[in-house]
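For the sequence shown, the residue numbers in the numbering used here are 6 to 242.
Reviewing the structure listed below.
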Amino acid sequence: MAVALILSGGTGTRLGMDIPKQYIEVYDRPVISYCIEQLSCHGMIDGIQIVAALQWRETVWESLKKYDRNEKFRGFSTPGENRQFSIYNGLADIRGYADDSDVVLVHDAARPLLSAQMITDCLEAVQGHDGAVPVLPMKDTVYQSADGKKISALVKRSEIYAGQAPEAFRIGAYHEANRRLCPDKILTINGSTEPAVMAGMDMVMIPGDEGNFKITTKEDLERFRDIIKTNRRTLRK
Numbered sequence: 006m007a008v009a010l011i012l013s014g015g016t017g018t019r020l021g022m023d024i025p026k027q028y029i030e031v032y033d034r035p036v037i038s039y040c041i042e043q044l045s046c047h048g049m050i051d052g053i054q055i056v057a058a059l060q061w062r063e064t065v066w067e068s069l070k071k072y073d074r075n076e077k078f079r080g081f082s083t084p085g086e087n088r089q090f091s092i093y094n095g096l097a098d099i100r101g102y103a104d105d106s107d108v109v110l111v112h113d114a115a116r117p118l119l120s121a122q123m124i125t126d127c128l129e130a131v132q133g134h135d136g137a138v139p140v141l142p143m144k145d146t147v148y149q150s151a152d153g154k155k156i157s158a159l160v161k162r163s164e165i166y167a168g169q170a171p172e173a174f175r176i177g178a179y180h181e182a183n184r185r186l187c188p189d190k191i192l193t194i195n196g197s198t199e200p201a202v203m204a205g206m207d208m209v210m211i212p213g214d215e216g217n218f219k220i221t222t223k224e225d226l227e228r229f230r231d232i233i234k235t236n237r238r239t240l241r242k
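Here it is as structure tokens:
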């Protein structure tokens, strides 16, 4: 069994909008609806769990009615104090209907350009391992600075990668890795794979997708709008 955990509890303050970025409408549908549709239509996904604040659940419901085409939604989870605590809450709920040996696919609602191939790649890569994470190689020279003013060390670019979502994990091992960090250390976690690495889980890397970007700034939102506009034009031809 593979369950998609969509993280939609963020406030999106960096975008400077009145509503969280995942609920902004792009061509008459919320941003979150794009990944809901892709996950619902994918044959390897058996269920969808969504972390969302109470005040936005009606909005999510409307998207589910239209875009959860195979009715895979299993329930809502409560957002935590940070992103990782939200994941932990989602995992606790998923364990109510999934086995510890099953897989959870953690994805951001603000990454609407999730491809079917990326879902497949993650779920296939996790076979025989504890988890899988898509990564992108660093294109620029990377420096380390202790004070943010002076370069203190050079970092070997060939050994540095940027992680993406979705990330796939064995539910039981990943839940335990997060539980060990509660209640305080989990609040310092910035990336979904960090608890897995800290717990010594067997994590494999797979090639990421440059197009699977996260909407964080207004420029990202405009880029997404342009892509959807181009795709709509192509479909009409």
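From the three backbone atoms N, C-alpha and C, an ideal C-beta is built for every residue, glycine too.
Quantities reported herein were computed from a predicted structural model and do not represent experimental measurements.
Measuring alpha carbon to alpha carbon, tell me which of the options ends up nearest residue i.
i	options	result
GLN43	GLU76, GLY14, LEU59, GLY15	GLU76
ILE41	SER106, ASP23, THR64	THR64
GLU164	PHE174, GLY133, MET143, PRO188	MET143
VAL108	VAL8, THR221, PRO212, GLU227	VAL8
ALA243	TYR166, ALA167, VAL147, GLY168	With the chain covering 6 to 242 only, the question about residue 243 has no answer from this structure.
THR222	GLY136, TYR179, GLU67, GLN27	GLN27
ALA137	LYS219, PRO171, MET203, SER68	PRO171
TYR166	GLY213, LEU69, MET6, ARG79	GLY213
TYR93	LEU12, HIS134, TYR32, GLU67	LEU12
CYS187	ILE176, PRO200, GLY196	PRO200
VAL140	GLY168, ASP113, VAL160	GLY168
GLY48	ASP113, GLN60, ILE124	ILE124
ALA103	GLU181, GLY177, PHE218, TYR32	GLY177
GLU181	MET203, GLY196, GLU224, ARG162	MET203
SER197	ALA173, GLY205, GLU215, PHE218	ALA173
TYR179	GLY205, ASN236, LYS161, LYS154	GLY205
MET160	GLY153, ASP145, THR235, ASP152	A small correction: the amino acid at residue 160 is Val; Met does not occupy that position in the sequence shown. Out of GLY153, ASP145, THR235, ASP152, ASP145 has the C-alpha closest to the C-alpha of VAL160.
To which residues does DSSP link residue i through a beta bridge?
i	result
ARG208	Correcting the residue type first, residue 208 is Met in the shown sequence and not Arg. DSSP lists GLY136 as partners of MET208.
VAL8	GLY52, VAL109
GLY168	VAL140
With DSSP run on the structure shown, which of helix, strand or coil describes residue i?
i	result
GLU224	helix
ARG175	strand
LEU186	coil
GLY95	helix
VAL31	coil
SER150	coil
SER197	coil
PHE81	strand
ASN158	A small correction: the amino acid at residue 158 is Ala; Asn does not occupy that position in the sequence shown. Looking at ALA158 - three-state DSSP - the assignment turns out to be strand.
MET22	coil
LEU44	helix
GLU215	coil
ASN236	helix
THR16	coil
ALA130	helix
LEU69	helix
TYR102	coil
LEU59	helix
LEU192	helix
GLU181	helix
ASP231	helix
Among residues of its own chain, excluding the 5 on either side of residue i, which ones have a beta-carbon nearer than 7 Å to its beta-carbon?
i	result
SER45	ILE53, TYR72, ASP73, ARG74, ASN75, LYS77
ILE99	VAL8, LEU10, GLN54, VAL109, ILE176
LYS242	Low local confidence applies: a pLDDT of 48 at LYS242 is under 50, so the model's placement there is unreliable, with the coordinate-based value given in what follows. Around LYS242: no qualifying Cβ.
Closer than 6 Å by C-beta to residue i: which residues in its own chain qualify, once you throw out the five before and the five after it? Chain order, please.
i	result
PRO84	GLY14, VAL56, ALA58, SER91
GLU30	none
HIS134	ASP207, VAL209
LEU226	ILE220
LEU10	GLN54, GLY95, VAL109, VAL111
Here's a check: name, in chain order, each residue in its chain whose Cβ is nearer than 8 Å to the Cβ of residue i, leaving out the five neighbours to either side.
i	result
SER68	ARG34, PRO35, ILE37, SER38, ILE41
ARG62	PHE81
ILE156	TYR148, GLN149, SER150
Give a yes or no on whether 9 Å exceeds the smallest Cβ distance from residue i to chain D.
i	result
SER13	No chain D is present in this structure, which holds just one protein chain.
Check: Is there contact between the region 35-50 and the region 108-122, where contact requires at least three CB pairs shorter than 8 Å?
Finding: yes
Next item on the list: State whether the region 90-110 contacts the region 125-139, with contact taken as three or more CB pairs (one from each stretch) at a distance under 8 Å.
Entry: yes
Notebook entry, point to check: Is the region 84-91 close to the region 179-194, with three or more CB pairs under 8 Å?
Noted result: yes
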